[in-house]
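Residue numbers (this note's numbering), protein chains in the order written: chain A, 1 to 462; chain B, 1001 to 1462.
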């Protein structure tokens, strides 16, 4: 047992949870996430019921011990890392699809179910849950909700926050609260549901969610469109988004991303920018939707447009996008990947600013991502074995955020804040706005035991 | 000057706001809304700037004087009525469309702009703001946000909460906060934007909003479908909502609503239930969408289906819906209209429960509304000059809410809570959930000056 854990807490939890209470070396796998950060938990709880979670929170509160809710550990910001010790609550044993309500287009789930498993369970009903982070096969729905995860489909279907109807959660006061339900319209009291989504386990711990579902489209088709430069591609994004039929995906790659996949053998021609556009719908209407998107994609600066109407052509088209992450590793082993957001009309300014920053820092910076939402992934590439490159990469990061905020953008569109962006929050928000967020934190977690040190900068730093 | 207003507050506001500070009889028009409630404000402030609003809130806070934010006074719950006196803040002079950002598919507005005026300003850009309450020509965007207003289009496009990207607001602490912005994806800190929407001026006063826009569809067409009973109509609603192409409207009328419009001269045949379904989109694809909706509408219990493919046929179709509210007045002068919500699959149970309640209460109860969202308007009709009928209507109301909650529904889908449903909140939420809402209220309005007595039941009542 960890020396930092009060023995009364240990005894009570050990009795209640049995083999669902881990201490010592068994806790090691529950200490890290995809941010490369890691810290040893004092203990790990594996609750089986909502009441178990209430019991853990109340016990921890009475001893002022931190609680860190954990999904599948695929987060990129350190949000699930127990940097101040305490008890990690893993939802590995609360992973059931509780109730598929096809007639109500919603599903009730426990937080530990994996996104990919949920999609498999929904498929026979002709339904899906829209959030599609690249880690979908490995990430949990609870983690998706905690970070407000997105993915390419968000341009049409929204993010996790847009696709949740209700929650059952345990506040930092140890109270089980229930908000929303199996309905899509709600003007009854305060919207705690959407407040808790994206709060990264700092306001309340989600123990059950009612998720909004979408009907599975029967057909898909795609376009690959090359442009002279980022400015003409961004103008096309605005034209495409002005159409009544929103594309199902609208992905962007900048000049350096295209050069990279070409260098790695892709058949994409040389260009200043590329859009990958996907339409979905019924077989009857898809050709029209694709034609409308193609019409909107055409304009000043367009160099080439390829249609992928069938499955194999579509696979080839998206192969270019999938090739990108592995290709990044071939230029430098180290990568700082930030999922910044700017207004769509500011995409060219962002790309130009990143090109200038790349020259300044003498490091490759590759920009690609979800253009329809203005949510671009800025990848600063560096050799993490080279102290000088590492220092230059780290020095470039605050400049990325400064440029994004100067363009009226924000720090994160789908990864969240966690630890890695926490200290930029005071640049993104006024002191009064951060004060209001702190006040909400205290309201739901009066003793500050839920995931301390994450999302909001410490009060004394303000 | 009202005797209840501290003279220091009066003098300071009178100096700052000039003719934008009203007292005495001039306040009379600012004391009521469409709930038939009215109370005399101690004073009315007509701010011109965000700083004016900050000054009003800070001055009122220092004197512990209530502040009631007011849009256009079309609310139905008494939320804008100054039942505890204090200063009504009217946004009649903050009514500008600040910035139409067509390329970013959003618009920045002041809260006092009317919904209908905003739509006119957006039309030349081929865009619209989706919330479409029946009072659209007369209601303000600020009021729409405060109540999370909806309308028939919400089934496809969402409510006010789903169509706001960012807010500038003044908390009860007198702080100007800014959250969200001109982007559609945000995982940066706590979502105060969606929390403030629907809080009816009790958490913060909205002074500017960035609204999400949708492209105007180029064509519309409709279906009128008659069913044997509510159960077969509700099954059709689930089938329609399971299609990839969500209808733009999906309205329901029960047997008594159909009988009523028939009695008033409508050409609708006799039936147990009716659906009005609308598709929107491009000219190319609309016929397919309409056919798909017709296919889904067909099934057990369907009696007749009429297509309204062109403008005049569509007008005739929707005329039946529009005829309903005036027709209601012909059966009884008094009406209690509640916009309850149930899961779509529970619509038949709700309709059956209201039929039984109508018999019990010996009063007509007419049910119609937004079936795709399970958001039905239950109208208890009574003669408000008849003490016995009035008493029976008032006694029936709690039974309506009890039935709705027993069906896992909620109190309001688009009107909000205000005063009229406040005392049912303890039936809709657990004590712990209401405690959490109260804690959030205290966090953003520490002295309880923002619209006191609305939304949440008083603490001592819990």
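Even for Gly, the Cβ is constructed at its ideal location relative to N, Cα and C.
Membership of residue 1441/B in the alpha helix (DSSP H) is indicated by the continuous run 1431–1444.
Residue contact check for residue 1185/B against chain A: a CB pair falls below 9 angstroms.
Residue 40/A: not part of any beta strand (DSSP E); DSSP gives it neither H nor E. Going by C-alpha positions, residue 1352/B is about 25 angstroms away from residue 1318/B. Excluding the 5 residues flanking it on each side, residue 285/A has no same chain C-beta neighbour closer than 6 angstroms. The closest CA to that of residue 1364/B, considering only 1387/B, 1333/B and 1287/B, is found on 1333/B. For residue 1417/B, the three-state secondary structure derived from DSSP is coil.
Rounded to the nearest angstrom, the gap between the Cα atoms of residue 1189/B and residue 1253/B is 43 angstroms. Pairwise C-beta distances place the segment 187–207 of chain A in contact with the segment 1177–1195 of chain B, as three or more of them are shorter than 8 angstroms. As for any alpha helix (DSSP H) of minimum length 4 sitting wholly inside the segment 310–367 of chain A, the runs are 311–322, 324–331 and 347–361, ordered along the chain. The distance from the Cβ of residue 1381/B to that of residue 1328/B is about 6 angstroms, consistent with a contact at the 8 angstroms cut-off.
Only those residues of the segment 217–235 of chain A whose C-beta falls short of 7 angstroms from the nearest C-beta of chain B are listed: 217 and 218. Residue 84/A has its alpha-carbon roughly 38 angstroms from the corresponding atom of residue 251/A.
Here residue 1252/B carries a strand assignment [DSSP, helix/strand/coil].
The C-alpha of residue 1447/B lies about 49 angstroms from the C-alpha of residue 1255/B. Residue 1385/B sits exposed, since fewer than 16 C-beta atoms from the chains shown fall within 10 Å of its C-beta. C-alpha of residue 321/A to C-alpha of residue 1308/B: approximately 44 angstroms in a straight line. Burial state of residue 359/A is exposed, judged by a 10 Å Cβ sphere holding fewer than 16 other Cβ atoms.
Interface residue (Cβ-Cβ distance to chain B less than 9 angstroms): residue 415/A is classified as such.
One Cα belongs to residue 15/A, the other to residue 1080/B, and the distance between them is close to 53 angstroms. Against chain A, the beta carbon of residue 1337/B has no neighbour under 7 angstroms; the closest one sits roughly 14 angstroms away. Among the CB atoms of chain B, none fall inside 9 angstroms of the CB of residue 249/A. A straight line joining the alpha-carbon of residue 132/A with that of residue 1242/B spans about 20 angstroms. By the neighbour-count criterion, in which 16 or more other beta carbons inside 10 Å mark a residue as buried, residue 416/A falls on the buried side. In the displayed model, residue 1090/B falls within a strand according to three-state DSSP. Taking C-alpha positions only, residue 153/A is separated from residue 1136/B by approximately 32 angstroms. Residue range 164–171 is occupied by the beta strand (DSSP E) that includes residue 164/A. A direct Cα-Cα distance of roughly 20 angstroms separates residue 402/A from residue 1177/B. The C-alpha of residue 125/A is placed about 7 angstroms away from the C-alpha of residue 102/A.
Around residue 429/A, the beta-carbon contacts reaching into chain B at under 9 angstroms are 1177, 1178, 1179, 1188 and 1189. About 6 angstroms separates the beta carbon of residue 56/A from that of residue 89/A, a gap short enough to meet the 8 angstroms contact definition.
DSSP, read as helix, strand or coil, puts residue 1202/B in coil.
If the five residues before and after residue 1104/B are omitted, its C-beta is found closer than 7 angstroms to the C-beta atoms of 1182, all from its own chain and listed in chain order. Among the residues facing chain A, residue 1439/B is included, as its CB has a counterpart in that chain under 9 angstroms away. Rounded to whole angstroms, the separation of the alpha carbons of residue 262/A and residue 377/A is 19 angstroms. In this chain, residue 1220/B is not harboured by any alpha helix (DSSP H); it is covered by the beta strand (DSSP E) spanning 1219–1227.
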